[in-house]
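Protein chains in written order, with the numbering used here: chain X, 275 to 425; chain D, 275 to 425; chain V, 5 to 414; chain U, 5 to 414.
A virtual CB, placed ideally from N, CA and C, is assigned to each residue, including glycine.
None of the values given here were measured: they were computed from a predicted structure.
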Amino acid sequence: MQDLTDLYQSVILDHNRRPRNYSVLPSANRVGSGNNPMCGDQITVYVQLDGDRISNVSFQGSGCAISKASASLMTVNLKGKTIAEAEAIYANLHQMVTTGKVVEDDMSDLAALAGVHQFPARIKCATLGWHAALNAAKGDAQPATTEKPSD
Amino acid sequence: MQDLTDLYQSVILDHNRRPRNYSVLPSANRVGSGNNPMCGDQITVYVQLDGDRISNVSFQGSGCAISKASASLMTVNLKGKTIAEAEAIYANLHQMVTTGKVVEDDMSDLAALAGVHQFPARIKCATLGWHAALNAAKGDAQPATTEKPSD
Amino acid sequence: MNPAWQNLRADFPILNQQVNGQALVYLDNAATSQKPQCVIDALVNYYQRDNANVHRGIHTLSMRATFAYEAARERSAKFLNATEPGEIVFTAGTTDSINLVANAWGDKNLKAGDIILLTEMEHHSNMVPWQLLAQRTGAKLRYLPVVAGDTGLLDLTQLAQVLTPEVKIFAFTHVSNTLGVINPAAALCAAAKKVGAISVIDAAQSAGHMPIDVRAMDCDFLAVSGHKMCGPTGVGLLYGRKALLEAMPPYRGGGSMISNVEYFESKWAPAPQKFEAGTPNIADVIALARAMDYLDDLGREAIAQHDEKLAALAYARLASEIPGIRMLGPAHHRSGVISFDLPGVHAHDVVTMADQEGVALRGGHHCNQPLMRKLGLSSTSRASFYLYNTEAEIERLVATLQKIQKFFAG
Amino acid sequence: MNPAWQNLRADFPILNQQVNGQALVYLDNAATSQKPQCVIDALVNYYQRDNANVHRGIHTLSMRATFAYEAARERSAKFLNATEPGEIVFTAGTTDSINLVANAWGDKNLKAGDIILLTEMEHHSNMVPWQLLAQRTGAKLRYLPVVAGDTGLLDLTQLAQVLTPEVKIFAFTHVSNTLGVINPAAALCAAAKKVGAISVIDAAQSAGHMPIDVRAMDCDFLAVSGHKMCGPTGVGLLYGRKALLEAMPPYRGGGSMISNVEYFESKWAPAPQKFEAGTPNIADVIALARAMDYLDDLGREAIAQHDEKLAALAYARLASEIPGIRMLGPAHHRSGVISFDLPGVHAHDVVTMADQEGVALRGGHHCNQPLMRKLGLSSTSRASFYLYNTEAEIERLVATLQKIQKFFAG
Ligand SMILES: Cc1ncc(COP(=O)(O)O)c(C=O)c1O
Ligand SMILES: Cc1ncc(COP(=O)(O)O)c(C=O)c1O
Chain X
275 MQDLTDLYQS VILDHNRRPR NYSVLPSANR VGSGNNPMCG DQITVYVQLD
325 GDRISNVSFQ GSGCAISKAS ASLMTVNLKG KTIAEAEAIY ANLHQMVTTG
375 KVVEDDMSDL AALAGVHQFP ARIKCATLGW HAALNAAKGD AQPATTEKPS
425 D
Chain D
275 MQDLTDLYQS VILDHNRRPR NYSVLPSANR VGSGNNPMCG DQITVYVQLD
325 GDRISNVSFQ GSGCAISKAS ASLMTVNLKG KTIAEAEAIY ANLHQMVTTG
375 KVVEDDMSDL AALAGVHQFP ARIKCATLGW HAALNAAKGD AQPATTEKPS
425 D
Chain V
5 MNPAWQNLRA DFPILNQQVN GQALVYLDNA ATSQKPQCVI DALVNYYQRD
55 NANVHRGIHT LSMRATFAYE AARERSAKFL NATEPGEIVF TAGTTDSINL
105 VANAWGDKNL KAGDIILLTE MEHHSNMVPW QLLAQRTGAK LRYLPVVAGD
155 TGLLDLTQLA QVLTPEVKIF AFTHVSNTLG VINPAAALCA AAKKVGAISV
205 IDAAQSAGHM PIDVRAMDCD FLAVSGHKMC GPTGVGLLYG RKALLEAMPP
255 YRGGGSMISN VEYFESKWAP APQKFEAGTP NIADVIALAR AMDYLDDLGR
305 EAIAQHDEKL AALAYARLAS EIPGIRMLGP AHHRSGVISF DLPGVHAHDV
355 VTMADQEGVA LRGGHHCNQP LMRKLGLSST SRASFYLYNT EAEIERLVAT
405 LQKIQKFFAG
Chain U
5 MNPAWQNLRA DFPILNQQVN GQALVYLDNA ATSQKPQCVI DALVNYYQRD
55 NANVHRGIHT LSMRATFAYE AARERSAKFL NATEPGEIVF TAGTTDSINL
105 VANAWGDKNL KAGDIILLTE MEHHSNMVPW QLLAQRTGAK LRYLPVVAGD
155 TGLLDLTQLA QVLTPEVKIF AFTHVSNTLG VINPAAALCA AAKKVGAISV
205 IDAAQSAGHM PIDVRAMDCD FLAVSGHKMC GPTGVGLLYG RKALLEAMPP
255 YRGGGSMISN VEYFESKWAP APQKFEAGTP NIADVIALAR AMDYLDDLGR
305 EAIAQHDEKL AALAYARLAS EIPGIRMLGP AHHRSGVISF DLPGVHAHDV
355 VTMADQEGVA LRGGHHCNQP LMRKLGLSST SRASFYLYNT EAEIERLVAT
405 LQKIQKFFAG
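Written as structure tokens, this is what we have:
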């Protein structure tokens, strides 16, 4: 199981075991949900939006190590960001998990998700929580689903 | 075109060119119709039934040489026969066109249809008029169609 | 000359055989085309290396199968110049595609008093689904006529009269499988749009024979069969404008077309998955994409020219060398489908006799019963050409028909 | 031992490959089975020698194709012990077959107040078509429950309570694709008959795995997928009792399912042609018949015993050697489908990790979302066995799961 440590880096295993901000957020004024109909993964994201800034964000749900860890990392990385900043971070993350290329030097702990690109079937796991969060923040009422043609 | 003379014997060509009893039968008390949905062939058979005897029979329609000649031969062979006799003749004919075996020595001019068995796609042509006639005689209201599982 | 055209007949193993002691001349391409070895190989490779169920799997074989399946969707979108792969729904063929539109779009959008406009030259597969839809909804059918005579062209002078605002659907064939007529698809779609009708193109006879550009034609739906364009049997596709597909309810229910299922109700996946219930025809979809590569290597413009050249030659030779023959369809600007009536010899007899000479023709109503009746015929004989046919084969066709005529006159 | 069983793995070229540096262990047979070379050869032979459209053609290739296609219908009738070939309708698979019944039989015979009875273990493909039918007709769904706990057996003590005279359709799976449960099909059909309901059996997971006798089961309809029983993708069949098929309106409209078409109305061909609109999946139907030969050469009773032996062994070993594992389905008298939950490791992670070891498993809801919820799970990992799997492969499975557990505990 050599390559698996590319995918399941210690950061991932850690966030999977102890997901951060894994709770309902009482101050949330936006709620988003995402599901992966192919595997049954389900996620709910709570966003407290002040103006265009994500003051706070949390999540709950069931999913694999990748989706849980990625959602957990999402909450840590998006807290305090404006929607525009959040979208930029997601754009980099998306490129990283689809191509393996780390675009920004400064991806910090998100770089742990770079190994996902070697496992194409798992890319959707890594993006599920982000979709849900961005949809909620942008006020898109549609639940995120990994079935959209674009991830 | 060697084998074709097996199929298109002179008897067939003759009945095709000058079909016998090719007319509406004013005295008919039974009318039957048959069609081959795969090729568009259409036939109408007029039967004058007296008791259980086919006193007279005629036909009209459009079809290939085989179906026309076979229907023409049918009128000649069934005229004056009881339904039971007609069914027996048809049973022999059916066996002949499907297997090539002439069951009765006494198939007379019908033996000209023996070559049909070498052309499986044409068996339905050879039986269309017979179906329609027997259906009419037996009072079966359904139009004959070659699409029935049995010919 | 494009090198792909050299030795092209060798790509089709089936052509290299004798039928009734004669080299096979396959002229039944409008019914189904033959398959190049690369398409057969695509099936073999898939089953020998990659076979697995798609979408739901994350093991290696399943990822390979899924990747190849979705790549075929991209290939198909490119083949038709669709805006995106999501506009391609894989189906079992043209008939299935048209039924999908009639059911999923039709049942939702049609009501009593609405009109479904067809043309008099439609194949049963582009007629019966609309008859069934009309029965279900109370909508009515109407037909754009074919001009009198034997050219079989649409009577466009009547278009304005039949394409009224009550028309909600205008479904027509791109190329007639009986007459070889090529209809002006873009103009018909534009006319439909003007009255607010959706356009549905039956491209069964055109997709493998000429360039198809759904954006240039500006159609709403377009139906294709794989088996008529060098692909396998049992697979085809439906192009649908994205916004229409998204607004449509599903067609069949089952696995893969859902986003959430509960015991008493379900939610659907977005298009195109919404329309692909159950395990799809994975192998044949992948092989169909290979057929598209094959056709584009030859060039569809070149194929169209080849077809038209053979058809024009055959039309001219039959008309002049077979006394009394009745030729159907136009003499020029046509597809490679030639229908004719040999007076005194029924089409069935023509086909059986031609087969004895190794020449494969088709005889019958060609799933065009009402048109046949209009032409005063119960059947025709049909020779239909494709990329591997040759002028020498037309020679064989002419000689065979002459022999048949002689036999029946004899 | 039946000689067909010797060297059987060599019949499946795909099995002879490495995945991620390890010999492939394919345990995803409930999703789709692999294909023996003879089935692949049947496709190649058809396309290289006989390919032509069926039914409407009378040239040599068309006669060969038609003969082989109809012979496949006879073969299928024999495979299921149907009374006659006319009871076999070729479809695109189980999902398509069930939709056919829901549409053609259901829309005609159901009305508001009627009940459609299903079981809680149905695959989405045997649930969603009935939900759609219920929406169209106003009929209501009802479920025969699965007993509490993890065996997944149907709670037959509740049968009398749910199978009331308002039930018009009782549709149930023969074998669960998630739990491996084998349901008592004949008894359920008899119970349905007693209240005047028709019985519809989803045989996707059973047809290639055990003897099927529709007359002994006395069912009204039975749906089969080819791809799960050594056949190609994109083909399947529906068995239907003759009298029911004859009384049903058509499903899809198009060529070949008609007896007469006019511009404004049409008449249908008799069953089974009435239900086979358009060019059928000729090559895959013919190859499916070859798969039936292959299975019967091995013996379906022997295949069932082989599956059950492997499943019992795998169940016992996993239960005893993987600490904390939650095993689903019964321990004995089951099919070759094993589902389990490894606490603390999500099924997706199990499958990805197993794939690194060359072991192909499936993880997810297996198109059984409502059942998963009832079991308090969002997904399970699944290993499913077929005729070519071996005890040595179970060894690999156990070792792999132990490794995974260690990795995640570490
Ligand atoms: C029990 C059961 N029913 C129905 C289906 C659907 O079969 P298909 O996808 O071949 O239509 C499957 C397989 O996916 C199944 O396992
Ligand atoms: C013009 C036309 N439309 C539709 C069809 C139906 O196609 P398929 O039988 O592949 O569904 C055909 C071919 O048979 C055709 O020629």
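Compute every distance between the C-beta of residue i and the non-hydrogen atoms of ligand 1, then say whether any falls below 7 Å.
{"i": "N130 of chain U", "result": "yes"}
{"i": "D485 of chain U", "result": "Outside the shown range of chain U (5 to 414) lies residue 485 of chain U, about which nothing can therefore be said."}
{"i": "H289 of chain D", "result": "no"}
{"i": "K232 of chain U", "result": "yes"}
{"i": "T99 of chain U", "result": "yes"}
{"i": "N103 of chain U", "result": "no"}
{"i": "T394 of chain U", "result": "no"}
{"i": "H59 of chain V", "result": "no"}
{"i": "G303 of chain V", "result": "no"}
{"i": "N285 of chain V", "result": "no"}
{"i": "S385 of chain U", "result": "no"}
{"i": "H127 of chain U", "result": "yes"}
In the DSSP assignment, what are the bridge partners of residue i?
{"i": "I328 of chain X", "result": "X:L323"}
{"i": "S307 of chain X", "result": "X:T318"}
{"i": "R304 of chain U", "result": "DSSP output for R304 of chain U lists no bridge partner at all."}
{"i": "L332 of chain V", "result": "V:S343"}
When you compare the CB of residue i with every CB in chain V, is at least one pair closer than 8 Å?
{"i": "E421 of chain D", "result": "For E421 of chain D, the pLDDT reaches just 47, beneath the cut-off of 50, and the residue's location in the model is therefore unreliable, although a value from the coordinates is still provided. No, no contact with chain V."}
{"i": "C234 of chain U", "result": "no"}
{"i": "G403 of chain D", "result": "no"}
{"i": "M275 of chain D", "result": "Because M275 of chain D sits at a pLDDT of 47, beneath the cut-off of 50, its placement in the model cannot be relied upon, and the point is left open."}
Which residues in chain V sit within 9 Å of residue i, going by Cβ to Cβ distance?
{"i": "N309 of chain X", "result": "S263, N264"}
Could you work out which residues of chain U lie near residue i, taking near to mean beta carbons separated by less than 7 Å?
{"i": "K115 of chain V", "result": "The premise fails here: K115 of chain V is roughly 16 Å from chain U at the closest Cβ pair, so nothing lies under 7 Å."}
{"i": "E170 of chain V", "result": "Correct list: empty, because the minimum Cβ distance to chain U is about 17 Å."}
Which residues in chain V have a C-beta closer than 7 Å to the C-beta of residue i? List them in chain order.
{"i": "A395 of chain X", "result": "I62, M67"}
{"i": "H127 of chain U", "result": "G259"}
Under the criterion of a Cβ to heavy atom distance below 7 Å, does residue i qualify as lining ligand 2?
{"i": "G212 of chain V", "result": "no"}
{"i": "Q209 of chain V", "result": "yes"}
{"i": "T417 of chain U", "result": "The question about residue 417 of chain U has no answer here: the residues shown for chain U are numbered 5 through 414."}
{"i": "G314 of chain D", "result": "no"}
{"i": "N187 of chain V", "result": "no"}
{"i": "A34 of chain V", "result": "yes"}
{"i": "S229 of chain V", "result": "yes"}
{"i": "C371 of chain V", "result": "yes"}
Taking Cβ positions only, does residue i come closer than 8 Å to chain U?
{"i": "T384 of chain V", "result": "no"}
{"i": "D345 of chain V", "result": "no"}
{"i": "G413 of chain D", "result": "no"}
{"i": "R321 of chain V", "result": "no"}
{"i": "L281 of chain X", "result": "yes"}
Consider the Cβ of residue i: report whether some Cβ of chain D lies at a distance smaller than 8 Å.
{"i": "A273 of chain U", "result": "yes"}
{"i": "D353 of chain V", "result": "yes"}
Run down chain U in chain order and give the residues with a C-beta less than 9 Å from the C-beta of residue i.
{"i": "G354 of chain X", "result": "Simply none; closest approach about 30 Å."}
Which residues in chain X sit within 9 Å of residue i, going by Cβ to Cβ distance?
{"i": "D154 of chain U", "result": "Within chain X, no residue comes near D154 of chain U; the closest Cβ sits about 18 Å away, beyond 9 Å."}
Assuming residue i contacts residue j under a Cβ cut-off of 8 Å, what Cβ separation, rounded to an integer in Å, is found between them?
{"i": "V228 of chain U", "j": "A208 of chain U", "result": "7 Å"}
{"i": "A81 of chain U", "j": "R294 of chain U", "result": "About 16 Å; that fails the 8 Å criterion."}
Does the CB of residue i have a neighbour CB from chain X at under 8 Å?
{"i": "F71 of chain V", "result": "yes"}
Determine the chain D residues that contact residue i at a beta-carbon separation under 7 Å, and present them in chain order.
{"i": "H350 of chain V", "result": "G337, C338, A339"}
Could you check whether the Cβ of residue i sits closer than 7 Å to any heavy atom belonging to ligand 4?
{"i": "C338 of chain X", "result": "Among the ligands in the structure shown, ligand 4 does not appear; only ligand 1 and ligand 2 can be found there."}
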